[in-house]
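Residue numbers (our numbering): 1180 to 1280. Every residue gets a Cβ at the ideal spot worked out from N, C-alpha and C, and that includes glycine. A quick write-up on the structure given underneath.
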Ligand SMILES: [Ca+2]
Ligand SMILES: [Ca+2]
């Protein structure tokens, strides 16, 4: 917010003032970034733990510009398949879908 001032060149000069209110809207100028660049996981083949790991990504934009959708890229092996379970807009867990043994 700031004040603007205008006046003419007459003598005596006349003038006016106004208040300018600027509302800054968010632009989608930040890409989502994972907390760690690489996640190295070691999972025992006979594990019964369904949740393998939870990964976190952040996007500092606001509103829809900062909301994140997780997905698995590429093909997964039939014996090593995972699925993503969203916990919130910022958290997702990798869940093992089949036996690894
Ligand atoms: Ca963004
Ligand atoms: Ca932004």
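Below 8 angstroms, is the gap between the Cβ of residue i and the nearest heavy atom of ligand 2?
{"i": "residue 1246", "result": "no"}
{"i": "residue 1216", "result": "no"}
{"i": "residue 1211", "result": "no"}
Quick one: Cα of residue i to Cα of residue j, how far?
{"i": "residue 1209", "j": "residue 1221", "result": "32 angstroms"}
{"i": "residue 1249", "j": "residue 1194", "result": "57 angstroms"}
{"i": "residue 1244", "j": "residue 1184", "result": "36 angstroms"}
{"i": "residue 1215", "j": "residue 1240", "result": "19 angstroms"}
Comparing the C-beta of residue i with each C-beta of chain E, is any distance below 9 angstroms?
{"i": "residue 1186", "result": "Considering every chain present, this structure includes no chain E. It has just one protein chain."}
Return the Cβ separation of residue i and residue j in integer angstroms, given the expectation that the two are a contact with Cβ distance under 8 angstroms.
{"i": "residue 1212", "j": "residue 1236", "result": "6 angstroms"}
{"i": "residue 1180", "j": "residue 1203", "result": "So it is not a contact: roughly 11 angstroms between Cβ atoms."}
Is there at least one non-hydrogen atom of ligand 1 closer than 8 angstroms to the beta-carbon of residue i?
{"i": "residue 1225", "result": "no"}
{"i": "residue 1208", "result": "yes"}
On the DSSP bridge assignment, give the partners of residue i in chain order.
{"i": "residue 1183", "result": "1197"}
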